[in-house]
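According to this note's numbering, the sequence shown is numbered sequentially starting from 226.
Using N, Cα and C, we set each Cβ at its ideal position, and we do this for glycine too.
Inspection log for the structure reproduced underneath, given as structure tokens.
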Amino acid sequence: METNKLSSSEITPEQDYISRRSFLKKAGVFSAGAMLLAACGPATSASPTPPASKSNTDERGNPATSYENITSYCNYYEFSNSKVLVASYSKDFVTNPWNVVVGGLVNNPKTYDLDSLHKHFSLQERIYRMRCVETWSMVIPWTGFPLAQMLKEVEPKPEAKFVRFEAFYDPKQMPGQLRTEFQWPYIEGLRLDEAMNDLAMLATGIYGKDLLPQNGAPIRLVVPWKYGFKSIKAVVKIDLVSEMPKSLWMAAAPDEYGFYANVNPNVSHPRWSQATEDRIGAPGRRQTELFNGYQNQVAALYQGMDLAKSF
Ligand SMILES: Nc1nc2c(c(=O)[nH]1)N[C@H]1C(S)=C(S)[C@@H](COP(=O)(O)O)O[C@H]1N2
Ligand SMILES: [Mo]
Numbered sequence: 226m227e228t229n230k231l232s233s234s235e236i237t238p239e240q241d242y243i244s245r246r247s248f249l250k251k252a253g254v255f256s257a258g259a260m261l262l263a264a265c266g267p268a269t270s271a272s273p274t275p276p277a278s279k280s281n282t283d284e285r286g287n288p289a290t291s292y293e294n295i296t297s298y299c300n301y302y303e304f305s306n307s308k309v310l311v312a313s314y315s316k317d318f319v320t321n322p323w324n325v326v327v328g329g330l331v332n333n334p335k336t337y338d339l340d341s342l343h344k345h346f347s348l349q350e351r352i353y354r355m356r357c358v359e360t361w362s363m364v365i366p367w368t369g370f371p372l373a374q375m376l377k378e379v380e381p382k383p384e385a386k387f388v389r390f391e392a393f394y395d396p397k398q399m400p401g402q403l404r405t406e407f408q409w410p411y412i413e414g415l416r417l418d419e420a421m422n423d424l425a426m427l428a429t430g431i432y433g434k435d436l437l438p439q440n441g442a443p444i445r446l447v448v449p450w451k452y453g454f455k456s457i458k459a460v461v462k463i464d465l466v467s468e469m470p471k472s473l474w475m476a477a478a479p480d481e482y483g484f485y486a487n488v489n490p491n492v493s494h495p496r497w498s499q500a501t502e503d504r505i506g507a508p509g510r511r512q513t514e515l516f517n518g519y520q521n522q523v524a525a526l527y528q529g530m531d532l533a534k535s536f
């Protein structure tokens with residue numbers, strides 16, 4: 226990949242947000258007003274071998290990003306604010322044993338360990354585009370299973386309207402959690418109908434190999450029509466709830482990162498345009514597409530909603 230670009234883009238917009246906050250904090254001007262201004266300005270032994278990669282392009286012929294790039298350029302604030310340091314900071318992260326506890330407004334709460342996950346759900350490969358809100362993107366061959374399969378097993382009650390996801394919390398293993406800029410653990414959410422959409426998946430691998438810690442091992446969410454921050458890594462808890470969950474990013478910067486976060490080239494981030502993107506490892510910039518190019522599968526979810534206001 227373009228190594229120069231890698232090192233020069235260590236400071237990214239999402240990180241920039243944090244740097245400003247820490248600066249303000251240090252400068253002793255961390256009042257509500259100042260905050261507002263700042264905001265406006267490895268592998269587990271348990272898993273069987275997943276199916277081998279059948280193709281190296283997405284459904285449109287976009288080549289998959291290299292394994293090297295996918296595993297070395299990562300956003301994972303629990304480990305580091307620097308994308309290029311995440312892989313080394315996370316290399317000893319313990320991902321086995323691991324439990325995913327699924328509950329809340331359900332008739333049939335369940336706890337899955339890695340063995341039972343692999344017994345219950347058969348792995349498929351899906352090559353998805355991923356678009357980070359910072360305007361870089363990748364094409365990633367995931368292995369995993371549709372989130373809907375798990376949700377059906379636990380039988381959501383009629384009052385369940387949203388799904389709340391919670392990531393692993395242990396500052397001893399995740400040094401980024403010692404920083405106070407964020408309210409840990411990392412939280413994300415989906416509306417129940419979004420979560421039931423076939424595109425939404427829980428991934429356990431990339432390129433047919435078990436996920437590495439830096440990409441969210443042992444299990445992470447993948448929601449390809451939304452900005453990358455919705456695709457929460459290292460999931461330990463999934464709750465069906467009646468109210469819209471407040472994500473880590475909504476709590477940190479509500480004017481910049483909303484609940485829906487559907488990829489939309491026509492709605493600028495308050496600090497930069499979303500019209501184009503940089504596909505890591507590929508030349509030039511390309512146009513960003515509404516719903517990251519998945520409009521046929523997901524547009525119906527948002528009928529009657531003002532997309533411009535649904536960031
Ligand atoms: N738990 C957790 N999940 C997370 C993040 C994070 O910091 N912590 N970063 C998000 C962001 S901003 C992006 S762009 C994607 C990046 O996924 P990748 O590093 O596997 O490409 O993960 C998302 N999931
Ligand atoms: Mo991101």
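Under DSSP, residue 337 shares a beta bridge with 325.
Contact annotation, residue 535 with residue 491: C-beta distance approximately 12 Å; criterion of less than 8 Å not satisfied.
Per DSSP, residue 365 is one residue of the beta strand (DSSP E) stretching across 361-371. The stretch 409-428 and the stretch 443-461 touch, with no fewer than 3 CB-CB distances between them shorter than 8 Å. In the DSSP assignment, residue 350 falls within the unbroken beta strand (DSSP E) covering 349-356.
Shortest Cα-Cα distance from residue 466 to any of 330, 394 and 440 involves 330.
In this structure, residue 414 sits near residue 470, with a CB-CB distance shorter than 7 Å. Per DSSP, residue 392 is one residue of the beta strand (DSSP E) stretching across 387-392.
Nearest in C-alpha terms to residue 408, of all of 421, 501, 391 and 416, is 391. Within the same chain, 432 come within 6 Å of residue 292 by CB-CB distance, once the 5 residues on both sides are set aside. Note on geometry: alpha-carbon atoms of residue 325 and residue 524 lie some 30 Å from one another.
Residue nearest to residue 379 within the set 360, 371, 338 and 334 is 334 (criterion: CA-CA distance).
The C-alpha of residue 430 lies about 11 Å from the C-alpha of residue 296. In its chain, beyond the 5 residues on either side, 296, 297, 299 and 439 have a beta carbon closer than 7 Å to the beta carbon of residue 312. Set against 6 Å, the gap from the CB of residue 357 to the closest heavy atom of ligand 2 is smaller.
For the set 412, 315, 505 and 435, the Cα lying nearest the Cα of residue 388 is the one of 412.
Residue environment analysis places residue 401 among the buried positions, since at least 16 neighbouring C-beta atoms fall within 10 angstroms of its C-beta. Excluding residues up to 5 positions away in sequence, 330 and 467 lie with their Cβ nearer than 7 Å to the Cβ of residue 384 in the same chain. Residue 343 is not bridged by DSSP to any residue. The nearest non-hydrogen atom of ligand 1 is less than 6 Å from the C-beta of residue 454.
If you draw a straight line from the Cα of residue 338 to the Cα of residue 344, it comes to about 10 Å. The three-state secondary structure of residue 487, taken from DSSP, is strand. Out of 436, 364, 489 and 507, the CA that lies nearest to the CA of residue 499 is found in 489. If you draw a straight line from the Cα of residue 403 to the Cα of residue 475, it comes to about 20 Å. Just so you know, the alpha carbons of residue 290 and residue 496 end up roughly 27 Å apart. Residue 489 has its CB no nearer than 6 Å to any heavy atom of ligand 2.
With contacts defined as CB atoms closer than 7 Å, residue 355 and residue 453 qualify as a contacting pair. Between the C-alpha atoms of residue 463 and residue 353 there is a straight-line separation of about 23 Å. For residue 534, the secondary structure class from DSSP, reduced to helix, strand or coil, is helix. If you check the C-beta of residue 316 against ligand 1, you find no heavy atom less than 6 Å away. Residue side-chain check: residue 300 places its Cβ nearer than 6 Å to a non-hydrogen atom of ligand 2.
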